[in-house]
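S.K.: Sharing a structure below in C-alpha cells format, with a few things to ask.
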Amino acid sequence: MRPGAVALVTGANRGIGLETARQLALRGAVVLLGSRDPGRGADAVRSLGADGAGIRPVALDVTDPDSVTALAKRLDRDHGRLDVLVNNAGVFLGATAADTTAELTRDLLAVNVVGPVAVIHALLPLLRRSPAPRIVNVSSTTASFGLTCAGADLPGDASVRMAYTASKAALNMLTVQYDLAFRRDPELAHLKINSASPGWTATAMNGFRAPRTAAEGARSVVDLATLPDDGPSGGFFDEHGALAW
Ligand code: NAP
108 MRPGAVALVT
118 GANRGIGLET
128 ARQLALRGAV
138 VLLGSRDPGR
148 GADAVRSLGA
158 DGAGIRPVAL
168 DVTDPDSVTA
178 LAKRLDRDHG
188 RLDVLVNNAG
198 VFLGATAADT
208 TAELTRDLLA
218 VNVVGPVAVI
228 HALLPLLRRS
238 PAPRIVNVSS
248 TTASFGLTCA
258 GADLPGDASV
268 RMAYTASKAA
278 LNMLTVQYDL
288 AFRRDPELAH
298 LKINSASPGW
308 TATAMNGFRA
318 PRTAAEGARS
328 VVDLATLPDD
338 GPSGGFFDEH
348 GALAW
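In our numbering, each residue carries its 1-based index in the sequence shown increased by 107.
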C-alpha cells in the first residue's frame, strides 16, 4: 500500500471493521471509519488512543442511498480519490430455515449484499482515480458451497444461518462478477477485488463466543486491502490462502 493511501472501512465502529481500520492506519493509510451512528464512530476512534491518529469517523449507513451519496461527495471534496474500500458492514440473522421469513431475509440482504453494491457503485469513480485501487468484500467461510456440500465442519451452529450464508455466497459471486467486469475495462483493469474470510472471530455478532480475536480476524482483510500490484483478484481467501468457493 502506498503511503497516504485513502481507505474506507464500512461498519467500522466495532469488531473486525474497527480492527481493520486500526491496522490499515498503522500501515500509513488515511482511514475513514464508516459508522451508521456518528457518535459510535467518534467513540470508536477515541478508543484506539494513539493508534487512531490517522483515522477519521464518517457517517455511513450502507442501506441509505442519501448517506452513501453524501459520503461519496465528501470523499471527492476532501481526497479526490479512494485507494482502498473494505465492505465490512454486515449483520447476522440467527434463525432456523423454518423460522426464516422473507422480511428478515430482505433486511439481511439489504446490508450484506445490496449495501456493497450501493457503496461500490457510488465510489467507483473515486477508485478509478487511484493508481492501485483495492476492494475487499468481507465474506465468511460459511459461504463456501465446496465446504458446505462436502459436509466439512464449519464453525458455529449451522442450523441457524441459512440466510446469512446465502448472503455471503451472493457477496462472493459479486466479487467474481466485479472482477470479470473490471478486467474487461482498460480503466479498471488495475482494480483488485477479493473476498476475505476472517474466520470465527469473537465480536458482538456472535456474543463474543468465538476463538479468534478481532486482530486475528482482520488479518486476511488487511492483507487483501494492501495487495501488491502482482497480487490476485477475483478470489476468496483467508489468511492461509485460497478457499473453496
Ligand atoms: P459486528 O461487531 O456486529 O460489526 C458489524 C458492523 O456492521 C457494526 O459496526 C455495525 O454497526 C455495522 N453495520 C450493520 N448494519 C449496518 C449498516 N446498515 N450500515 C453500516 N454499518 C452497518 O460484527 P463483526 O463480526 O465485526 O462483523 C464484521 C464483518 O465480518 C461482517 O460482514 C460479518 O458478516 C463478517 N464476519 C464475521 C465473522 C465472525 O466470526 N465475527 C466471521 C465471518 C465473517 P452498528 O454498531 O451500528 O450496528
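We treat Cβ as the ideally placed atom computed from N, Cα and C, and that holds for glycine.
Computed from a prediction, not measured in an experiment: that's the story for all the values here.
Hey, is I300 close to the ligand NAP, as in C-beta under 7 Å from one of its heavy atoms?
M.R.: It does not: the Cβ of I300 is nowhere closer than 7 Å to a heavy atom of the ligand NAP.
S.K.: Terminal residues of the continuous beta strand (DSSP E) containing A114?
M.R.: Segment 113-116, the beta strand (DSSP E) holding A114.
S.K.: With DSSP as the reference, label L182 as helix, strand or coil.
M.R.: DSSP places L182 in helix when its eight states are reduced to three.
S.K.: For K299, write down the residues that DSSP places opposite it in a beta bridge.
M.R.: R241, per the DSSP bridge assignment.
S.K.: Under 8 Å, with one C-beta from each stretch per pair, do the segment 211-218 and the segment 247-265 reach the 3-pair mark?
M.R.: No, the segment 211-218 is not in contact with the segment 247-265.
S.K.: Check whether the Cβ of S247 lies closer than 7 Å to any heavy atom of the ligand NAP, and answer yes or no.
M.R.: S247 Cβ: within cutoff of the ligand NAP.
S.K.: One question on the structure: do F356 and S302 come within less than 8 Å of each other, judged by their Cβ atoms?
M.R.: In the structure as shown, the chain begins at 108 and stops at 352. Residue 356 is therefore absent and cannot be evaluated.
S.K.: Mapping DSSP to helix, strand and coil, what is T272?
M.R.: Helix at T272.
S.K.: If we ignore side chains and look at the alpha-carbon of each, how far apart do D158 and D330 end up?
M.R.: Straight-line Cα distance between these residues: approximately 18 Å.
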